[in-house]
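Visitor: In terms of the numbering used here, the sequence shown is residues 242 to 661. Ideal Cβ placement from N, Cα and C applies to all residues, glycine included.
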Amino acid sequence: MTEPSFSSVTPSTLPDQSVDKATARHVVLASFLAWMLDACDFFIVLFTLDDVARSFNVSLQSVLLAPTLTLMTRPLGAFLCGRAADKYGRKPVLILTIIIYSLIELASAFAPTLVIFLALRTLFGIALGGEWGVGTSLIMESVPKSWRGTASGILQAGYPAGYLLASLVFLLLPVLGWRGLFVLGSGAIFSALYIWLRVPESPDWLARQKADTQHGSAEAHLGLLAIIKGNAALCVFAVVLMAAFNFMSHGSQDLYPKVFLALERHVPPTSITTVVVLYNLAAIAGGLFFGFLSQKIGRQYAIILAAALTLPLLPLWTLPHSLLWLGLGAVCIQFCIQGAWGVVPAYLSELSPPSVRATFPGLAYQCGNLIAASNALLQTWFATQLGMGLAPALMLAVGGGAVVVLVLTLLNARLYPQRI
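(1) Can you list, in chain order, the stretches of the alpha helix (DSSP H) that have 4 or more residues and sit fully within the stretch 388 to 467?
(2) Tell me the DSSP secondary structure of Leu290 in three-state form.
(3) If you compare alpha carbons, which of Ile395, Ala605, Gly532 and Thr354 is closest to Gly371?
(4) Who are the near neighbours of Leu369 in its chain, counting only those whose CB is closer than 7 Å to its CB and skipping five residues on each side?
(5) Report yes or no: do three or more beta-carbon pairs, one from the stretch 298 to 313 and one from the stretch 390 to 405, lie closer than 8 Å?
(6) Please classify Ser507: does DSSP put it in a helix, a strand, or coil?
(7) At a cut of 8 Å, does the stretch 358 to 369 reach the stretch 335 to 350 through at least three beta carbon pairs?
(8) With burial defined as no fewer than 16 other Cβ atoms inside 10 Å of the residue's Cβ, what is the status of Thr354: buried or exposed?
(9) Please identify the residue among Val584, Gln536 and Leu569 whose C-alpha is closest to the C-alpha of Ala548.
(10) Are there 16 or more other CB atoms within 10 angstroms of the CB of Met629, so buried, or fewer, so exposed?
(11) Taking the alpha carbon of Leu569 as the reference point, which residue from Gly532, Ala326, Val517 and Ala581 has its own alpha carbon closest?
(12) Helix or strand or just coil, what does DSSP make of Arg598?
(13) Taking DSSP as the reference, what is the three-state secondary structure of Leu631?
(14) Mind checking whether Ala503 and Ile513 have CB atoms under 8 Å apart?
(15) Does the distance from the C-beta atom of Leu631 to that of Ala624 stay below 8 Å?
(16) Exposed or buried, which one is Trp622 when buried takes at least 16 other CB atoms within 10 Å?
(17) Measure the Cβ-Cβ separation of Val268 and Leu447 and say whether it is below 8 Å.
(18) Drop a sphere of 10 angstroms on the beta-carbon of His562, count the other beta-carbons inside from all chains shown, and report buried for 16 or more, exposed for fewer.
(19) Going by C-alpha distance, which of Thr363, Leu347, Trp373 and Thr391 is nearest Ala265?
(20) According to the Cβ coordinates, are Ser393 and Gly532 closer than 8 Å?
(21) Measure the C-alpha to C-alpha separation of Trp276 and Ala581 and round it to an integer number of angstroms.
(22) Quick check: is the beta carbon of Leu635 nearer than 8 Å to any beta carbon in chain B?
(23) Can you tell me which of Tyr542, Ile469, Thr511 and Ala348 puts its alpha carbon nearest to the alpha carbon of Ser427?
(24) Look at the Cβ atom of Leu482, then the Cβ atom of Leu611, and state whether they are nearer than 8 Å.
(25) Take Leu406 and list the residues in its own chain whose beta-carbon comes closer than 7 Å to its own, dropping the five residues that flank it on each side.
(26) Please say whether Thr377 and Ser535 have beta carbons closer to each other than 8 Å?
(27) Can you look up Gly583 in the DSSP assignment and give me helix, strand or coil?
(28) DSSP three-state label for Ala352, please.
(29) Keeping to the same chain, check which residues put their C-beta closer than 8 Å to that of Asn298; ignore five residues upstream and five downstream.
(30) Do you know how far the Cα of Ala484 is from the Cα of Leu409?
(31) Using only the alpha-carbon positions, how far apart do Leu546 and Ile357 sit?
(32) Check whether the Cβ atoms of Tyr497 and Leu635 lie closer than 8 Å to each other.
The following block contains the structure:
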């Protein structure tokens, strides 16, 4: 048997075996809801860190382990859930993933000790890491070919939408307490019921399963290590690209509101909240715009344009002392950064070998995210070394990430012009 080779970093031919348009709308909505609610549950933890610390009578630094452990286990979730979805189908694994992270969120609300709370947040990372790749494969294999760019932007908009939803839920903290917010977050389980009732299995996955059963497939019989070996260039390209993407997003979000705006620019809390809401709305709009644009000019060139537009905005985003100009810079830069992200689900799906389309995008994303987990530490270190505040460090991290994204995507576009 001859092993197929996918060693070139070139788009695969994602077949157009979509469901009818009415059903496809349910697929898009379900995938968006799953990612939005997953992100919301994650951000609820970040918003309530100090409340959790007081509840367990521990230091804030001890509770900070919770999001760290969650991020560390995301690649494991991408691998386990992705492989399960490639073998057993996208729909059942997506439903199971949503049920698991909802139950973990509920259990977190009743954690009696910090150790149990941290253990639950570690498990949550597995479900968090698994959901995106499975949802991406389901949506990209189900919608009409002409919808893929827009659907990609809608799916990725779920992340800033989850951030916004968590911000609104956080307003209920004085009434419900942090444990009540976690109980509320567990309501995401109802989206699993919606998927079960209204979303069909991926037609592409069903067609390949049928073909493999009837005729056999060389690729279908390969193990994951063999597929990685045959796709070494593609795997390295995707992980490095996603690490750069994550330096762009985390570099522009993690320290910006509470450290840069609050501590260095002395912006009052209410104004910071306004800025955060506005730049998350811009992030949603950017994902939708560039996702749609990618359907017209190609995935690669939409990413290149968004990354290139980020670079001249860096001074406006960090150097002014006026809240008006800082807010304008934050809105514009998030429109571009999350605009580039809006193309990622479609781009990675079209690069992926068919037999690992649920595993490859999610694992590349989460491995890149793990590499970029050092972002906040690197930014504070650079700020200390340069002695000029956080602004140069913010520009260095985000600008460096944007340049890497631009160069890698441009090289791939020149070597392998994309076919949509």
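Guide: Short version:
(1) Segments of the alpha helix (DSSP H) lying fully in the stretch 388 to 467: 389 to 397, 399 to 411, 414 to 426, 430 to 439 and 444 to 456.
(2) Helix at Leu290.
(3) For the residues Ile395, Ala605, Gly532 and Thr354, the minimum Cα distance to Gly371 belongs to Ala605.
(4) Shown here for Leu369: same chain residues with a beta carbon closer than 7 Å to its own, the five before and five after excluded, namely Asp279, Phe283, Thr311, Arg315, Gly318 and Tyr342 in chain order.
(5) Inter-segment contact for the stretch 298 to 313 and the stretch 390 to 405 is absent: fewer than three beta-carbon pairs are separated by less than 8 Å.
(6) Reading off the sequence shown, one finds His at residue 507, where the question assumed Ser. His507: coil per DSSP, three-state reduction.
(7) Yes, the stretch 358 to 369 is in contact with the stretch 335 to 350.
(8) Thr354 comes out exposed.
(9) Taking each of Val584, Gln536 and Leu569 in turn and checking the Cα distance to Ala548, the smallest one comes out for Val584.
(10) Here Met629 is exposed, its C-beta having fewer than 16 other C-beta atoms within 10 Å.
(11) When each option's Cα is compared against that of Leu569, the closest is Val517.
(12) Looking at Arg598 - three-state DSSP - the assignment turns out to be coil, as it is neither helix nor strand.
(13) Correct three-state label for Leu631: coil.
(14) Yes, Cβ-Cβ distance for Ala503 and Ile513 is below 8 Å.
(15) Result yes, Cβ atoms of Leu631 and Ala624 sit closer than 8 Å.
(16) With fewer than 16 Cβ atoms within 10 Å of its Cβ, Trp622 is classed as exposed.
(17) Pairing Val268 with Leu447 gives a Cβ-Cβ distance that is not under 8 Å.
(18) With fewer than 16 other Cβ atoms from the protein chains shown falling within 10 Å of its own Cβ, His562 counts as exposed.
(19) Closest option to Ala265, Cα to Cα, is Thr391.
(20) Contact: yes.
(21) If I take the Cα positions, the gap works out to 17 Å.
(22) The displayed structure is made up of one protein chain only, and chain B is not part of it.
(23) Of the residues Tyr542, Ile469, Thr511 and Ala348, the one whose Cα lies closest to the Cα of Ser427 is Ala348.
(24) Taking a C-beta distance under 8 Å as the contact criterion, Leu482 and Leu611 do not qualify as a contact pair.
(25) The answer, listed in chain order, is Met277 and Cys281.
(26) Thr377 is positioned such that its CB atom lies no closer than 8 Å to that of Ser535.
(27) Residue state, collapsed to three classes: coil.
(28) In the three-state reduction of the DSSP assignment, Ala352 falls in the coil class, being assigned neither a helical nor a strand state.
(29) If we look at Asn298 and ignore the five residues flanking it on each side, it has no Cβ neighbours.
(30) Roughly 30 Å separates the two Cα atoms.
(31) Taking the straight line from one Cα to the other gives about 45 Å.
(32) Their beta carbons are under 8 Å apart, which means Tyr497 touches Leu635 by this criterion.
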